[in-house]
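Here the structure is laid out as structure tokens; the discussion comes afterwards.
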Amino acid sequence: MSQILPLEQLSKALEGDLFYDELHRVIYATDASVYQIKPLAVAQPKTVADIQTLVRFANEHQIPLTPRTAGTSLAGQTVGSGIIVDVSKYFTQIISLDQENKTVTVQPGVIRDELNLFLKPFGLFFSPTTSTSNRCMIGGMVGNNSSGTTSIRYGVTRDKIVALQAILSDGSATVFKSLTSEAFIEKTKGTSLENHIYRTLYEELSNTETQNEIVKEFPKPEIHRRNTGYAVDLLLKSDLFSGAEPTINLGTLLCGSEGTLAFTTEITLKVDDLPPAYNIMVAAHFHSIQESLEAVMIAMKHHLYTCEMMDDTILNCTKTNREQAKNRFFIQGEPKAIIMLEVAADTIEDAERQAEALIDDLKQNNFGYALPKLYGEDIDKINALRKAGLGLLGSIVGDDKAADSIEDTAVELSDLPNYIAEFAAMMKKYGQEAIYYAHAGAGELHLRPILNLKKKEDLQLFRTIATEVAVLVKKYRGSLSGEHGDGIVRGEFLPYMIGENNYELLKRIKKAFDPNSIFNKGRITDAPKMDENLRVVSGREEPTIQTIQDFSDSMGILRLAEKCNGSGDCRKLPSAGGTLCPSYRATRNEKDTTRARANSLRQFLTNSDKDNKFNHEELYQVFDLCVSCKACASECPSNVDIASLKAEFLYQYQKTNGFSKRNKIFAYNATLNTLGSLTPTFTNWVSNLALVKKTMGIAPQRVVPHLAPTTFRNWVKKNRKDAATTLYPNGQVYLFCDEFTNFYDVGVGVDTYELLTQLGYQVVIIDHQESGRAFISKGFLEQAKTIATRNVAIFKNIVSAETPLLGIEPSAILTFRDEYLRLAEDKAGAEQLAKHVFTIEEFFKREIEKGAIRAEHFSDQAQSIKIHGHCHQKALSAVEATFVMLNLPKNNTVTIYNSGCCGMAGSFGYEKEHYEISMQMGEDTLFPKVRATDVNTIISAAGTSCRHQILDGTGREVHHPVTILKSCLKQ
325 MSQILPLEQL
335 SKALEGDLFY
345 DELHRVIYAT
355 DASVYQIKPL
365 AVAQPKTVAD
375 IQTLVRFANE
385 HQIPLTPRTA
395 GTSLAGQTVG
405 SGIIVDVSKY
415 FTQIISLDQE
425 NKTVTVQPGV
435 IRDELNLFLK
445 PFGLFFSPTT
455 STSNRCMIGG
465 MVGNNSSGTT
475 SIRYGVTRDK
485 IVALQAILSD
495 GSATVFKSLT
505 SEAFIEKTKG
515 TSLENHIYRT
525 LYEELSNTET
535 QNEIVKEFPK
545 PEIHRRNTGY
555 AVDLLLKSDL
565 FSGAEPTINL
575 GTLLCGSEGT
585 LAFTTEITLK
595 VDDLPPAYNI
605 MVAAHFHSIQ
615 ESLEAVMIAM
625 KHHLYTCEMM
635 DDTILNCTKT
645 NREQAKNRFF
655 IQGEPKAIIM
665 LEVAADTIED
675 AERQAEALID
685 DLKQNNFGYA
695 LPKLYGEDID
705 KINALRKAGL
715 GLLGSIVGDD
725 KAADSIEDTA
735 VELSDLPNYI
745 AEFAAMMKKY
755 GQEAIYYAHA
765 GAGELHLRPI
775 LNLKKKEDLQ
785 LFRTIATEVA
795 VLVKKYRGSL
805 SGEHGDGIVR
815 GEFLPYMIGE
825 NNYELLKRIK
835 KAFDPNSIFN
845 KGRITDAPKM
855 DENLRVVSGR
865 EEPTIQTIQD
875 FSDSMGILRL
885 AEKCNGSGDC
895 RKLPSAGGTL
905 CPSYRATRNE
915 KDTTRARANS
925 LRQFLTNSDK
935 DNKFNHEELY
945 QVFDLCVSCK
955 ACASECPSNV
965 DIASLKAEFL
975 YQYQKTNGFS
985 KRNKIFAYNA
995 TLNTLGSLTP
1005 TFTNWVSNLA
1015 LVKKTMGIAP
1025 QRVVPHLAPT
1035 TFRNWVKKNR
1045 KDAATTLYPN
1055 GQVYLFCDEF
1065 TNFYDVGVGV
1075 DTYELLTQLG
1085 YQVVIIDHQE
1095 SGRAFISKGF
1105 LEQAKTIATR
1115 NVAIFKNIVS
1125 AETPLLGIEP
1135 SAILTFRDEY
1145 LRLAEDKAGA
1155 EQLAKHVFTI
1165 EEFFKREIEK
1175 GAIRAEHFSD
1185 QAQSIKIHGH
1195 CHQKALSAVE
1205 ATFVMLNLPK
1215 NNTVTIYNSG
1225 CCGMAGSFGY
1235 EKEHYEISMQ
1245 MGEDTLFPKV
1255 RATDVNTIIS
1265 AAGTSCRHQI
1275 LDGTGREVHH
1285 PVTILKSCLK
1295 Q
């Protein structure tokens, strides 16, 4: 209670938000590192005054503040026991651009890629390119001195610092910028904290012995990627301290300081001209890691823009990732390593000349067994695969994980082959096959041992390997951190890496800036031990969680949740493309990320003392806005299928707390529609009465979908073709009569039946169960399991490659390929059946490619068509199949919207408490694009929910792809 009262007072004093509930404390206990520390509270300041209030509060109550943006730190910089200060929600403004001087001023919560979208029309860009660039923020990049793939050409974040506005530890505001030596001396005079900081630095660094100690112990100056403590070695370049430079900027000291010296509120950066227009990527394949590193020595003699490595562990992880498997097209054979070598020029001819010279040089030195060249969008694809590296490592099944401890070492490029040879020998000594990837051209590889930190012996090895690598890096005068920072994982090694005298200097600098140690306490100086405060507890017996779904592919539900390593792909915005994550895009709250859901579930399942470990209101809150879009199962490199986790949670939670009346109505929708369809006109009238909608908790703005005058099954009975008298040259197909088509979208069902029939297919519809989609989405998994088991039994012996099962509604038919594999009693039967189940679009694509369906079947009438893909299509199938299908008529002009999630998500958008967020999801991407579409353009969407949502949000009629293609048939 003593802490709650001051927090209540603090909350009232802030214009922004303050959370100290259990859920937010759990969510912010982790970042992308192996560490977990539950904070006292989480603040989201709106103004600089809010930050000053937090600083005063921290001093008064001796509570540390941990600055945080996207929370993708790998060394534990953004977790702490005090107040997490998350600036990612409100400090997101691009303040100004100075085109003449090529500088831009931003707040710390601006996303790197969003900044570059703003800069591109001016021919400029901010060059550091991290793998997290579509969600990492400038404040975090400054805090860590981020580098990324382009540092070999453009430098690191520290090289781009012009000025930093910051709040000091006494709450005063200042600006760190370039000063003449005379101006610096002037800053040492006075009684303010700022004066004291300048005076301390001047006195400390003027000492010749101190200067010599820094030069002796810090990493080689040739290593441009280095984050070892505070960058005092760079300050020695000033003529104040025996250097030659006439100016000095303490912004270079704050860059890489991990938020331990001051709280940055505004950042001015140098930006560069856009890279040359024409680039070529040579994807050099190697049989060994050592060969690839020796080849780097040759490659770096060329004028490269990128020199990045991926080893076979990363490449093998892409095989089972739905999204990245598409990006493996360039791989030849089974390489042990691939080096991505990019050249660029103002003309394609010059770029080709450079690429050929590079290839010739590698060949002459017998490096690389395959040297393919990639262009255009293919370069984007290989870059996407490379960027997914960290997340992909999270997809490794089981308790053995790629551990962050030595993943950021950097040495001088000429030392890299020998350093890695010694490193490999050390790893062999411990029976380890390490993972190698990232910035080979900069002398920095992200090296990771595979360890099970739940085992005491592996926890000991975690420390042993880290210690021996520190010794090895010191031998080469390298940097233990190239770009990820010291944080917790490397902080305790700083005295060894830079010497005790230099470490004491850093502590004195920290005290000058922050005498009460309120800024990110325990980072860089006085760091905790690297093998404490971990997400997992070594030697603890992990709970066994019983589930109705089969999670054996991840060795249980807990290990599926543990796959989330916090890389934060779920925080990317609509401009980054894809769908992940609709709820976060709508609210911009960390609580509504898939990362928050996975981490919350992991922590509650692990630590709950309840009989039903799912029975926590906090879990209900964190899953509430999940629309089960399945994007996390494909776009998240770790393949964390939150939709399946939500279904299981709802089932287990409702077993204890009961199933609401509304959930029962939605779940049993097909059963109720069977009755309602007897008098559809009356049912439609009653369903849309204001009182009925209010009673059911349906948003008054919504129109409850109307039942059709007849069902699709009844139509088929009346209009079925006589197989004995009709020829079907293209064979027989089974059509799944889903519950949405059967009761609501009968016209789409009729179009499908007639289109297939006219194209020479015998369409067979048999008695079967509904799909179970509504039961799954509402957590009625016992009912869903029964349905899945029955449908598998019905279809498994009749569906085959020659007689496939087709579906009209994506969310219904794709249950056969997804949820049924977790639910059906006959798992082998379900897996075999799934091989021959297709969306109607996939089937048409297959038949078009076989030549069974041809353009000559369709008219030449010109029409323009835009496609919005259903979320489950994008995650479990491919919208490209719809494109191929609708593009067959020769005068159709077809394009696919990059449109994210529509926001309806079955019943979600009808529920009154979700209506506004549902519409916001649509507004994020889809609605504006639909509104901007010419009225004569036909809009296509396979999902019934999508069609209703677009109509509600924009007033535009939308058609199923089958209906559009049928209208193109020659009469």
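Under the working numbering, think of the first position of the sequence shown as 325, with each following residue one higher.
Note that beta-carbon positions come from the ideal geometry of N, C-alpha and C, so glycine has one too.
Predicted model only: the values in this text are computed from it and were never measured.
Rounded to whole angstroms, the separation of the alpha carbons of A661 and T371 is 48 Å.
The C-beta of M879 has fewer than 16 other C-beta atoms within 10 Å across all chains shown, which makes the residue exposed. T532 counts as exposed, since fewer than 16 other C-beta atoms from the protein chains shown sit within 10 angstroms of its C-beta. Secondary structure at H1196: helix, using DSSP grouped into helix, strand and coil.
Looking at the backbone, the Cα of E736 and that of G863 are separated by about 39 Å. A residue is called buried when at least 16 other Cβ atoms come within 10 angstroms of its Cβ; K834 meets this threshold and is buried. Beta-bridge partners of G1131 (DSSP): F1060 and T1163. A straight line joining the alpha-carbon of D916 with that of N1115 spans about 34 Å. When C-beta atoms of the stretch 907-924 are compared with those of the stretch 343-352, three or more pairs fall below 8 Å, so the two segments count as touching. Between V411 and G433, the gap from beta carbon to beta carbon is short of 8 Å.
F565 carries a helical assignment under DSSP once its states are collapsed to helix, strand and coil. By the C-beta density criterion, T1139 is buried, having at least 16 other C-beta atoms within 10 angstroms. In summary, T456 is buried, with 16 or more beta-carbon neighbours lying within 10 Å of its beta-carbon over all protein chains present. At the C-beta level, P391 and G340 stay beyond 8 Å of one another. Here I1118 is not near G1096, since their CB atoms are 8 Å or more apart. Of the candidates F381, Y414 and S1124, the residue whose Cα lies closest to the Cα of G406 is F381. Runs of the alpha helix (DSSP H) lying entirely within the stretch 809-834, each at least 4 residues long, are 818-822 in chain order. By a beta-carbon distance limit of 8 Å, I1132 contacts V1286. Their separation comes to about 7 Å. Here T1217 has S1188 as same chain residues with Cβ atoms under 6 Å from its own Cβ, once five neighbours each way along the sequence are excluded. E590 sits in a strand when the DSSP states are folded into three classes. For K915, no beta strand (DSSP E) run applies, since DSSP gives it neither H nor E. Taking a 10 Å sphere around the C-beta of A555, we find 16 or more other C-beta atoms and assign the residue as buried. Look at Y754 here: in three-state DSSP terms it is coil, with no helix or strand label. Along the stretch 596-662, the beta strand (DSSP E) occurs as fully enclosed runs of 3 or more residues at 602-610 and 630-635, listed in sequence order. At a Cβ-Cβ threshold of 8 Å, L1212 and A1265 do not count as neighbours.
Using a C-beta cut-off of 8 Å, the stretch 538-550 makes contact with the stretch 816-834, since at least three inter-stretch Cβ pairs fall below that distance.
G467 and I1274 have their C-alpha atoms some 42 Å from each other. Secondary structure at M465: helix, using DSSP grouped into helix, strand and coil. Taking the CA atoms as reference points, Q1082 sits about 18 Å from P1128.
A Cβ-Cβ distance of about 6 Å is found for the pair N603 and I703, placing them in contact under the 8 Å criterion.
In the three-state scheme derived from DSSP, where H, G and I count as helix and E and B as strand, S984 is classed as coil.
In the three-state DSSP reduction, V409 falls in the strand class (E or B). Secondary structure note for L783: its alpha helix (DSSP H) is the uninterrupted segment K780 to K799.
Fewer than three Cβ pairs drawn from the stretch 739-748 and the stretch 808-818 lie within less than 8 Å of each other, which leaves the two stretches out of contact.
As the crow flies, the alpha-carbon of M1209 is around 6 Å from that of F1168. For the pair K501 and G575, the CB atoms are nearer than the 8 Å cut-off.
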